[in-house]
Amino acid sequence: MPNLKTLNIANNQISDISIIKNLSMPALTTIDASYNQISDVSPITQANLTSLQYIYADNNQIAQIDAFKESTFTKLKSISVRNNQISNIDIMSGIQSRYPSLQTFQVDGNQIYDISFMNGYKLTSSTSAQNQTYTETVKLMKPAAGQTVNEVVNVPNKTSSFIGLNDGSGLYQGTSDPTNSSLSIKNVSSAVAQYQYFNGQTASAADSKSSDSSIQAFIVPASSSNLPTTITYNWQGGVGQYTGTGTINIDWVDPINPEIDANNQNLTVGDKFDPKANVTAFDQQNDGSAKTDLTSQITVESNNVDTSKAGTYQVTYKVTNSYGLSTEKTVTVTVANPTKTDSTSNSDNSTPTSGTTTNNGNSTTTTNGSSTTATTPEKQASQNAKADGDLPATGVGLAMQNHSLVYAPIALLLAFLMFINNKVLRRDKKYVLKHARQDNKYTLKH
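full-length UniProt numbering puts the last residue of the sequence shown at 446; the count rises by one with no breaks.
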């Protein structure tokens with residue numbers, strides 16, 4: 001299909017479009033695959049579609065478009081994936097150089113909470129990310145009995161400022177807005193008492209005069225008897241092209257005890273012992289917060305270790321976290337007597353039981369205790385020969401004996417065969433001589 005320019009497969013309940021990846025349609029400019037059941041659009045990005053400019057895949061079951069990062073259709077002008085299940089399009093962030101003509105994103109009716117991926121693109125007024133529905137769950141620690149706390153819940157949304165270009169093109173420039181100054185938060189549920197802004201200030205959420213932009217977090221009061229479970233709000237940004245409803249569910253979790261990392265030890269009488277050496281502690285709660293190092297807060301509750309004498313001792317440690325929960329751990333320290341050395345071993349006042357042998361080219365000097373004996377090569381060879389004659393019935397000596405047992409029968413057999421052979425040769429020789437004489441006599445006679 002080298003000349004096909006438009007491929008329309010809309011309204012067919014298609015779920016698998018893998019066949020497309022094997023097609024070469026270099027002239028194709030438009031694909032419409034809307035109103036199907038497609039969840040994977042990667043086959044489109046794998047096909048030879050170098051002239052593709054418009055993709056319509058609205059009302060499907062698409063959850064991500066990561067395959068677009070390395071597609072072949074770099075002439076793309078517009079992507080429309082409205083009413084799908086997409087929550088993140090960060091894959092399109094920072095790749096506008098790959099798609100220099102891409103000016104329209106139509107992503108309405110998804111679950112997108114962050115449109116900062118549009119930063120850097122020049123966008124038409126048709127770009128739209130309206131009617132998003134975003135839901136997330138956060139875990140917070142339950143307050144202790146009788147305690148009231150103000151929990152901080154971050155606003156997840158990120159936006160992009162759409163700034164009109166003054167070049168007569170009618171396009172907008174997607175511009176970074178890290179403090180959400182162009183994003184308004186409205187209709188916040190009563191669980192939120194205050195807003196926390198990016199500049200660090202706070203304001204009452206109930207006060208209509210409080211600014212609804214640049215909000216970084218919600219402040220939620222909670223106590224053991226008052227645990228809000230849901231925060232809802234609406235947002236609007238991107239000159240009205242980025243709107244949606246947010247729901248933050250709160251999962252209140254009970255605090256857990258900290259942990260102590262300490263192990264049993266083995267020492268020798270006379271060793272030094274520091275009960276806090278190589279002992280650590282930390283607090284890791286189930287709310288997703290970072291691990292907290294509590295090593296400096298470890299206390300030694302008891303310690304009866306005495307390294308001056310052998311025995312089994314115990315050390316008990318304790319640490320407490322910010323929730324008032326404590327952990328104790330007891331370890332065993334075993335102190336043993338030094339290992340006794342062999343009384344026959346060498347010392348400064350004893351005679352060595354074994355000598356030192358030094359080979360100096362033509363002679364060998366053996367030192368044993370306080371005596372020194374020089375051995376010449378001839379004497380050494382004589383000693384070696386004598387030693388070879390006294391080989392034990394194991395090792396090399398045994399191997400030689402085994403060889404003798406094997407070769408003796410063979411030698412007897414060879415001797416017997418040689419005897420028979422010689423006897424036959426002598427008999428044949430006599431026979432030849434006898435007949436030779438007879439032949440000579442016969443010749444002379446005749």
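Ideal Cβ placement from N, Cα and C applies to all residues, glycine included. Fair warning: this is a prediction, and the values are worked out from it, not measured in the lab.
In terms of residues, what are the limits of the beta strand (DSSP E) holding I250?
As a first step, residue 250 is located in the sequence shown; it is residue number 250 there, counting from the start. Residues 242-253.
Got a sec? Which residues, its chain only, sit under 7 Å from G164 by beta carbon, not counting five neighbours each side?
Numbered from 1 along the sequence shown, position 164 holds the residue referred to as residue 164. Answer for G164: Y172, listed in chain order.
I'd like the list of long-range same chain contacts for Q196, defined as Cβ closer than 8 Å, with 5 residues on each side in sequence excluded.
Position 196 of the sequence shown holds residue 196. So the list reads V152, T202, I215, Q216, A217, F218, I219, once near-sequence residues are dropped.
Can at least three beta-carbon pairs, one atom from the segment 276-287 and one from the segment 235-247, be found at a separation below 8 Å?
Contact between the segment 276-287 and the segment 235-247 is absent, because fewer than three Cβ pairs lie under 8 Å.
At 3 residues or longer, and completely inside the segment 252-276: list those beta strand (DSSP E) runs for me, N to C.
Listed in chain order, the complete beta strand (DSSP E) runs (minimum 3 residues) inside the segment 252-276 are 259-261, 265-268.
Please go through the same chain and pick out, in chain order, the residues whose beta-carbon is closer than 6 Å to the beta-carbon of N8, but skip the five residues on each side of it.
Here residue 8 refers to the residue found at position 8 when the sequence shown is read from its first residue. Correct list, in chain order: D32.
With DSSP collapsed to three states, give me the class of M118.
Here residue 118 corresponds to residue number 118 of the sequence shown, with the count starting at 1. Helix, per DSSP.
In the DSSP assignment, the beta strand (DSSP E) including Q37 goes from what residue to what residue?
Here the question's residue 37 lines up with position 37 in the sequence shown. First-last for Q37: undefined, no H or E at that position.
Does the count of Cβ pairs from the segment 106-123 and the segment 222-230 closer than 8 Å reach three?
With the cut-off at 8 Å, the segment 106-123 and the segment 222-230 do not touch.
Considering just the uninterrupted stretch of the alpha helix (DSSP H) at T45, what are its terminal residues?
Position 45 of the sequence shown, counted from the first residue, corresponds to residue 45. Counting along the chain, the alpha helix (DSSP H) containing T45 begins and ends at 42-46.
Go through its chain and collect everything with a Cβ distance to W252's Cβ below 6 Å, but skip five positions before and after it.
Sequence index remark: in the sequence shown, residue 252 carries index 252 (1-based). Excluding residues within five positions, the ones whose Cβ falls inside 6 Å are L140, K142, L227.
Under 8 Å by Cβ, that's how I've got N257 and V331 pegged, so tell me the actual separation to the nearest angstrom.
Within the sequence shown, residue 257 is the residue found at index 257, counting from 1. Within the sequence shown, residue 331 is the residue found at index 331, counting from 1. Not a contact, Cβ separation roughly 17 Å.
Kindly indicate the opening and closing residues of the beta strand (DSSP E) around N154.
Working through the sequence shown from its first residue, we reach residue 154 at position 154. Per DSSP, N154 belongs to the beta strand (DSSP E) from 148-154.
What residue does the beta strand (DSSP E) around F105 start on, and which one ends it?
Against the sequence shown, residue 105 aligns to sequence position 105. That run of the beta strand (DSSP E) goes 104-106.
Where does the unbroken beta strand (DSSP E) through L140 begin, and where does it stop?
Translated into the one-based positions of the sequence shown, residue 140 becomes position 140. 129-141 is the span of the beta strand (DSSP E), which, as asked, contains L140.
Taking the Cβ atom as the reference point for each residue, do N119 and G174 lie within a distance shorter than 8 Å?
Within the sequence shown, the letter at position 119 stands for residue 119. Within the sequence shown, the letter at position 174 stands for residue 174. Yes, they are a contact pair.
In the DSSP assignment, find the beta strand (DSSP E) that holds E301 and state where it starts and stops.
Here residue 301 refers to the residue found at position 301 of the sequence shown. Taken as a continuous stretch (DSSP letters only), the beta strand (DSSP E) holding E301 covers 299-303.
Using 10 angstroms around the beta-carbon of I20, count the other beta-carbons present and answer buried if the total reaches 16, otherwise exposed.
Sequence index remark: in the sequence shown, residue 20 carries index 20 (1-based). Classification of I20: buried, given that the 10 Å Cβ count is 16 or more.
With DSSP run on the structure shown, which of helix, strand or coil describes T295?
The residue labelled residue 295 in the question sits at position 295 within the sequence shown. Helix, per DSSP.
Short of 6 Å in beta carbon distance, which residues of its chain neighbour N304, apart from the five on each side in sequence? Order them along the chain.
Here residue 304 refers to the residue found at position 304 when the sequence shown is read from its first residue. Cβ within range, chain order: Y313.
For the beta strand (DSSP E) that L7 lies in, which residues bound it at each end?
For this step, residue 7 is matched to residue 7 along the sequence shown. 6-8 is the span of the beta strand (DSSP E), which, as asked, contains L7.
Can you give me the C-alpha to C-alpha distance between T339 and V333, rounded to a whole angstrom?
Position 339 of the sequence shown, counting from 1, holds the residue named residue 339. Position 333 of the sequence shown, counting from 1, holds the residue named residue 333. Their Cα atoms are separated by approximately 18 Å.
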